[in-house]
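Working notes, structure below.
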Amino acid sequence: GDSVTQMEGPVTLSEEAFLTINCTYTATGYPSLFWYVQYPGEGLQLLLKATKADDKGSNKGFEATYRKETTSFHLEKGSVQVSDSAVYFCALILLSGGYQKVTFGTGTKLQVIP
Amino acid sequence: ETGVTQTPRHLVMGMTNKKSLKCEQHLGHNAMYWYKQSAKKPLELMFVYSLEERVENNSVPSRFSPECPNSSHLFLHLHTLQPEDSALYLCASSSRGYQETQYFGPGTRLLVL
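Chains D and L, in that order, give the protein sequences.
With the numbering used here as the guide, the letters of the first sequence map in order to residues 38 to 151.
With the numbering used here as the guide, the letters of the second sequence map in order to residues 514 to 626.
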């Protein structure tokens, strides 16, 4: 079946450090790939997405590139801020019977300290 | 009111109670979803409605009963729950293509005593 594997957290970084959160996937078709972010007490918000191989999604300084050859979609940011502290979820979406079938990773908690 | 809203935000109920969670989307989407988020577990898809018809039920116990009266509203009716059902319940909506983003509500934090 389809699956998403994320690095275990929590990840603790100092402000302005470089961030990488690894995400790899297995899928039976050609999925779209997403990163969602969840701040404390809130639902999930879309951070960025990529819908085909070699696409790069970007938003708010975060980037991720859809790598079909390595089945990966790693999240990166050059300089993190305290406000980036949240839980980050990698997800893949396939179409199944006319509706979206979503598979989420377990989430990676990021803590940024001043 | 924009996006996806959920009410109530917090709910405490006993195992013999009956309650309902409500979700409303103002995005013109035609698919809606219920997820369960428990600590240290991946998000679990519970139900999917596409064009107001239920198309997925991931082996969810019958004590959870969904209802989708129209494309903008989704309910989750709860009865005789167990303490292990305590979790954050998230609603989401999307258009039907696989490239389309799912938009999430803030969730209902449920505690079953």
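Every residue, glycine too, gets a C-beta built ideally from N, C-alpha and C.
Straight-line spacing of the CA atoms in threonine 88 of chain D and leucine 50 of chain D works out to 30 Å.
Leaving aside the five residues that flank histidine 592 of chain L on each side, the residues in its chain whose CB is nearer than 7 Å to its CB run, in chain order, Lys531 and Arg576. If the five residues before and after valine 74 of chain D are omitted, its C-beta is found closer than 6 Å to the C-beta atoms of Gln82, Leu84, Ala123 and Tyr125, all from its own chain and listed in chain order.
In chain order, Lys532, Leu591, Leu594, Leu623, Leu624, Val625 and Leu626 place their CB closer than 8 Å to the CB of methionine 526 of chain L, counting only its own chain and leaving out the 5 sequence neighbours on each side. A Cβ of chain L is located within less than 8 Å of the beta carbon of glutamine 137 of chain D. Glycine 94 of chain D: member of the beta strand (DSSP E) spanning 93–96, first to last residue. Within the same chain, Cβ atoms closer than 6 Å to the Cβ of leucine 564 of chain L are found at Asn543, the five residues on either side in sequence being excluded. Distances from the CA of serine 607 of chain L to each of L:Arg522, L:Gln519, L:Gln538 and L:Leu524 were compared; the closest alpha carbon is that of L:Gln538. Rounded to whole angstroms, serine 584 of chain L and glycine 541 of chain L show a C-alpha spacing of 8 Å.
At a Cβ-Cβ threshold of 8 Å, serine 40 of chain D and tyrosine 62 of chain D count as neighbours. Going by C-alpha positions, proline 77 of chain D is about 27 Å away from glutamine 612 of chain L.
In the three-state reduction of the DSSP assignment, valine 48 of chain D falls in the strand class, which pools E and B.
Assignment of beta strand (DSSP E) within the segment 58–137 of chain D, counting only whole runs of 3 or more residues, yields 60–63, 69–75, 81–87, 93–96, 99–102, 112–114 and 123–133 in chain order. At the C-beta level, glutamine 137 of chain D and glutamine 519 of chain L stay beyond 8 Å of one another.
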